[in-house]
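Visitor: Per the UniProt record's numbering, the sequence shown starts with residue 247, numbered consecutively.
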Amino acid sequence: EKSGYASFMLKEIAEQPKAVADTLLGRIDGSGTLSLDEVRIPAAVLREVDKVVVVACGTAFHAGLIAKYAIEHWTRIPCEVELASEFRYRDPILDQQTLVVAISQSGETMDTLMALRHAREQGARVLAICNTNGSTIPRESDAVLYTHAGPEVAVASTKAFLTQLVACYLVALYLGQVRGTKYGDEIGDVVRDLSGISGVVERVLETMDPVRELARSLAHKNTVLFLGRHVGHPVALEGALKLKELAYMHAEGFAAGELKHGPIALIEEDLPVVVVVPSPRGRSVLHDKIVSNIQEIRARGARTVVIAEEGDEAVVPYADHLVRIPATPTLLQPLVATVPLQVFACELATARGNEVDQPRNLAKSVTVE
Ligand code: F6R
Numbered sequence: 247e248k249s250g251y252a253s254f255m256l257k258e259i260a261e262q263p264k265a266v267a268d269t270l271l272g273r274i275d276g277s278g279t280l281s282l283d284e285v286r287i288p289a290a291v292l293r294e295v296d297k298v299v300v301v302a303c304g305t306a307f308h309a310g311l312i313a314k315y316a317i318e319h320w321t322r323i324p325c326e327v328e329l330a331s332e333f334r335y336r337d338p339i340l341d342q343q344t345l346v347v348a349i350s351q352s353g354e355t356m357d358t359l360m361a362l363r364h365a366r367e368q369g370a371r372v373l374a375i376c377n378t379n380g381s382t383i384p385r386e387s388d389a390v391l392y393t394h395a396g397p398e399v400a401v402a403s404t405k406a407f408l409t410q411l412v413a414c415y416l417v418a419l420y421l422g423q424v425r426g427t428k429y430g431d432e433i434g435d436v437v438r439d440l441s442g443i444s445g446v447v448e449r450v451l452e453t454m455d456p457v458r459e460l461a462r463s464l465a466h467k468n469t470v471l472f473l474g475r476h477v478g479h480p481v482a483l484e485g486a487l488k489l490k491e492l493a494y495m496h497a498e499g500f501a502a503g504e505l506k507h508g509p510i511a512l513i514e515e516d517l518p519v520v521v522v523v524p525s526p527r528g529r530s531v532l533h534d535k536i537v538s539n540i541q542e543i544r545a546r547g548a549r550t551v552v553i554a555e556e557g558d559e560a561v562v563p564y565a566d567h568l569v570r571i572p573a574t575p576t577l578l579q580p581l582v583a584t585v586p587l588q589v590f591a592c593e594l595a596t597a598r599g600n601e602v603d604q605p606r607n608l609a610k611s612v613t614v615e
């Protein structure tokens with residue numbers, strides 16, 4: 247069943263280009279128009295939505311954090327993202343004009359299920375993004391957009407995460423299309439880029455040998471920090487979560503802009519810090535800020551692992567290790583930037599002698615609160 251791979255996790259990482267392509271299949275037509283027939287919520291209702299609330303746990307929550315950037319930018323609808331386990335105990339404000347998006351690979355996560363039940367009781371519409379046909383979460387939702395990652399066996403989520411991102415982008419673009427927001431032109435470009443993204447993920451996978459080598463060389467470390475900004479921040483959180491789960495190491499993700507508000511005190515000689523760098527095109531202000539962050543931490547002894555776009559020369563002087571990823575539009579970068587972090591965690595955990603498919607203390611689907 248592992249088709250020659252040493253673990254399901256490695257197999258599932260390798261399946262990501264196909265998972266991404268399958269999730270896009272049939273949902274964008276030749277003219278770049280999205281047709282999400284399975285979203286049975288009528289366009290008239292979607293036009294009235296005045297708030298989106300994303301609820302999810304773990305890795306799916308990180309997909310939700312990225313969705314917020316896309317939804318707010320492309321639709322101008324305010325979007326909140328909350329851990330499902332916190333949401334329902336907070337007395338959230340919801341009504342018929344609220345669209346709740348519940349993201350879950352398994353479709354059985356109890357916290358997410360309870361959050362969506364709570365939302366429906368308040369009259370909100372619930373759209374599930376789910377990888378498991380006929381599971382409880384889609385059955386109890388008003389509509390479902392299935393991710394087509396195929397069965398995910400390894401406990402740590404990889405291909406499901408990438409397809410959750412694709413589904414989130416589709417929902418954001420669809421809302422933009424239905425509502426005719428002013429980002430119409432940009433949406434056309436993004437749809438084109440999204441259509442070709444599977445091949446880009448494939449290219450990333452072909453260049454992972456140096457990442458594996460780096461991971462093995464860091465297997466004796468106790469801590470790894472991850473920094474990112476904008477959509478790179480949730481990517482950093484995801485990189486840290488993968489490392490905790492698989493390598494049983496202390497790993498933390500921070501928003502790079504927060505460094506001087508505390509985390510920079512953690513930097514010491516030879517501490518590995520992975521930095522996800524935004525594109526120097528597009529939002530170049532963010533790029534320049536993060537380059538100075540890298541400079542600052544390196545001056546304090548950090549061993550910098552820099553994930554940056556091909557052609558980004560500004561980072562070169564400050565990178566102890568440089569991981570190149572293909573250029574993508576800013577909002578789509580998580581689809582490529584996450585891949586090296588998955589490979590890194592998987593290889594590092596293997597080097598530490600851990601069983602990557604079945605990390606200690608974890609279950610694939612958490613059906614208790
Ligand atoms: C991380 C991981 C978990 C799940 C979380 C939600 O690698 O696998 O954090 O993402 O338990 O699970 P689902 O998506 O099934 O609701």
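No residue lacks a Cβ here, since even glycine has one placed at the ideal position from N, Cα and C.
1. Check whether the Cβ of Glu593 lies closer than 8 Å to any heavy atom of ligand 1, and answer yes or no.
2. Would you say the beta carbon of Gln342 comes nearer than 8 Å to a heavy atom of ligand 1?
3. Which residue comes first and which comes last in the beta strand (DSSP E) that contains Cys376?
4. Output yes or no for whether 9 Å exceeds the beta carbon distance between Leu473 and Val521.
5. I need the DSSP call for Ile274, collapsed to helix, strand or coil.
6. How about Ala565 and Val585: are their beta carbons less than 9 Å apart?
7. Report the rounded CA-to-CA distance for Leu311 versus Tyr415, giving the unit in angstroms.
8. His533: buried (16+ other C-beta within 10 angstroms of its C-beta) or exposed?
9. Mind pulling the beta strand (DSSP E) runs of 3 or more residues that sit fully within the UniProt domain "SIS" (288–427)?
10. Taking the alpha carbon of Gln579 as the point to measure from, which residue in Val446, Arg606 and Cys325 has its own alpha carbon closest?
11. Could you spell out where the beta strand (DSSP E) holding Gly250 opens and where it closes?
12. Are Leu408 and Leu373 closer than 9 Å when you measure CB to CB?
13. Around the Cβ of Pro605, are there at least 16 other Cβ atoms within 10 angstroms (buried) or fewer (exposed)?
14. Taking C-beta to C-beta, are Ala302 and Thr358 nearer than 9 Å?
15. Report the option in Asp516, Asp268, Arg570 and Gln368 whose CA atom is closest to the CA atom of Leu391.
16. Compute the Euclidean distance between the alpha carbons of Ala402 and Lys610, then round it to the nearest angstrom.
17. For Val602 and Ala290, what's the separation of their Cα atoms in angstroms?
18. When the distance is taken between beta carbons, is Ala465 closer than 9 Å to Ala486?
19. For Lys506, count neighbouring Cβ atoms within 10 angstroms of its own Cβ and tell me buried if that reaches 16, exposed if not.
20. Just to check, is the beta-carbon of residue 619 closer than 8 Å to a non-hydrogen atom of ligand 1?
21. Rounded to the nearest angstrom, what separates Ser381 and Ser350 at their Cα positions?
22. Comparing C-alpha positions only, which one of Thr279, Gly599 and Arg544 sits nearest to Val436?
23. Assuming Gly422 contacts Thr321 (C-beta within less than 8 Å), just tell me the rounded distance between them.
24. Starting from Leu471, trace the beta strand (DSSP E) in both directions and tell me its first and last residue.
25. Would you identify the three-state DSSP class for Thr550, choosing helix, strand or coil?
26. Extract the residue ranges of the alpha helix (DSSP H) inside the UniProt domain "SIS" (460–605), only unbroken runs of 4 or more that lie entirely within it.
27. Who are the near neighbours of Glu593 in its chain, counting only those whose CB is closer than 8 Å to its CB and skipping five residues on each side?
Guide: Judging by the given coordinates:
1. Not so, every heavy atom of ligand 1 lies at least 8 Å from the Cβ.
2. Incorrect: Gln342 has no Cβ contact closer than 8 Å to ligand 1.
3. Cys376: member of the beta strand (DSSP E) spanning Arg371 to Cys376, first to last residue.
4. The criterion of a C-beta distance shorter than 9 Å is satisfied by Leu473 and Val521.
5. Strand, per DSSP.
6. For the 9 Å CB-CB criterion, Ala565 and Val585 do not form a contact.
7. Each residue's Cα considered, the two are about 12 Å apart.
8. Buried: at least 16 other Cβ atoms inside 10 Å.
9. Runs found: 297–302, 325–329, 344–350, 371–376 and 389–392.
10. Checked all of Val446, Arg606 and Cys325; the closest Cα to Gln579 is Val446.
11. Note, Gly250: premise wrong, no beta strand (DSSP E); not H, not E.
12. Taking a C-beta distance under 9 Å as the contact criterion, Leu408 and Leu373 do not qualify as a contact pair.
13. Under this definition Pro605 is a buried residue.
14. Ala302 places its beta carbon less than 9 Å from that of Thr358.
15. If we check each option's Cα against that of Leu391, Asp268 comes out closest.
16. Taking the straight line joining both Cα atoms gives about 8 Å.
17. So the two alpha carbons sit approximately 46 Å from each other.
18. No; because the gap between Cβ atoms is not below 9 Å, this pair is not in contact.
19. Around the beta carbon of Lys506, fewer than 16 other beta carbons lie within 10 angstroms, which makes this residue exposed.
20. Nothing about residue 619 can be read from this structure; the chain reaches only from 247 to 615.
21. Roughly 10 Å between the two C-alpha positions.
22. The shortest Cα separation from Val436 among Thr279, Gly599 and Arg544 belongs to Thr279.
23. The distance from the Cβ of Gly422 to that of Thr321 is about 5 Å, consistent with a contact at the 8 Å cut-off.
24. Segment Thr469 to Gly474, the beta strand (DSSP E) holding Leu471.
25. Shown here, Thr550 sits in a strand according to DSSP, grouped into three states.
26. With a minimum length of 4 residues, the continuous alpha helix (DSSP H) runs that stay inside the UniProt domain "SIS" (460–605) are 478–493, 530–545 and 580–597.
27. Excluding residues within five positions, the ones whose Cβ falls inside 8 Å are Val457, Arg458, Ala461 and Arg462.
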